[in-house]
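Numbering (UniProt numbering), first residue to last: 1 to 202. Beta carbons are placed, not taken as given, at the ideal position from N, Cα and C, and that holds for glycine. Beneath this line is the structure, given in structure tokens, with notes to follow.
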Amino acid sequence: MRTWTRAVPVVAGAMVLAVAVTGCKSSAGKRHSSGSHSSDSGSDSSGGKKTFALGESSPVQKSDEQSSKGAKYTVTPTKVQTGTKADMDNSGLKKDKDDGPQIPVYVWSTLTHKGGKTMELGDMDDDLVVETDKGKRTKALIVIMGEAKWPNCPAPDTSKKVSAGQSEKICTAFLIPEGQKASAVQLSQGFYKDPLEWPVKN
């Protein structure tokens, strides 16, 4: 149940590839085609904690990516802000008519490497999802040509490598339909577990 949205380059030279995820709450596509991530605690079928306040860390996650298999890390969404039509107009991205008007949502997170092999930042946050007040779920924006520009939300260096004990604070942009608001940040736990969730109070 994945809907792929493409936008062509505009004057700024940016081309965007965004993934909108709808339907089944536990199936959210990935920014990378290989690997998946699992939680060591707090999200299993025995009734572990699945809802957190912004600023609370996720349970320790374990990488299944081939290059960092077994590495452990946590994800801590700290702030969520719904952007504006002006942000979208000034981003350098061409609007996709098939998706209708969209606006950005900015999610600030702290990614902390807890142990094991070195990991790329992009492998630590690629299961993040934003859910709107209308129930729409979307993955982070992927710019495949050029870059999108957002106020106070620089694109993270997803290829940056981090080792055990290191943390990075990043901002990630998501696109949602205009007129909707972000209601929660989620961390997908694969196809068979409910996602972890950080509700957003607007």
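What number of angstroms, rounded off, separates the C-alpha of residue i from the C-alpha of residue j?
i	j	result
residue 150	residue 72	30 Å
residue 180	residue 133	6 Å
residue 48	residue 184	19 Å
residue 116	residue 61	12 Å
residue 87	residue 103	7 Å
residue 193	residue 51	13 Å
residue 101	residue 166	38 Å
residue 154	residue 173	9 Å
residue 169	residue 93	25 Å
residue 55	residue 171	14 Å
residue 114	residue 145	33 Å
residue 89	residue 97	14 Å
Which one of the options has the shortest CA to CA distance from residue i?
i	options	result
residue 112	57, 104 and 105	57
residue 177	95, 126 and 66	95
residue 63	105, 125 and 92	125
residue 200	152, 156, 114 and 129	129
Would residue i and residue j be called neighbours here (beta carbons separated by less than 8 Å)?
i	j	result
residue 143	residue 107	no
residue 67	residue 127	no
residue 163	residue 118	yes
residue 135	residue 105	no
residue 53	residue 91	no
Might you give, ordered along the chain, the residues of its own chain that have their beta carbon closer than 6 Å to the beta carbon of residue i, omitting 5 neighbours on each side?
i	result
residue 158	121 and 122
Who are the Cβ neighbours of residue i in its own chain at under 7 Å, not counting the five residues just before and after it?
i	result
residue 131	137, 183, 184 and 186
Can you give me the Cβ contacts of residue i inside the same chain, cut-off strictly under 8 Å, excluding the 5 residues immediately before and after it?
i	result
residue 70	62, 63, 116 and 117
residue 152	106 and 171
**Asked** Should the stretch 61–80 be called in touch with the stretch 138–148, which here means at least 3 C-beta pairs below 8 Å?
**Response** Judged by Cβ distances under 8 Å, the stretch 61–80 makes no contact with the stretch 138–148, as fewer than three pairs qualify.
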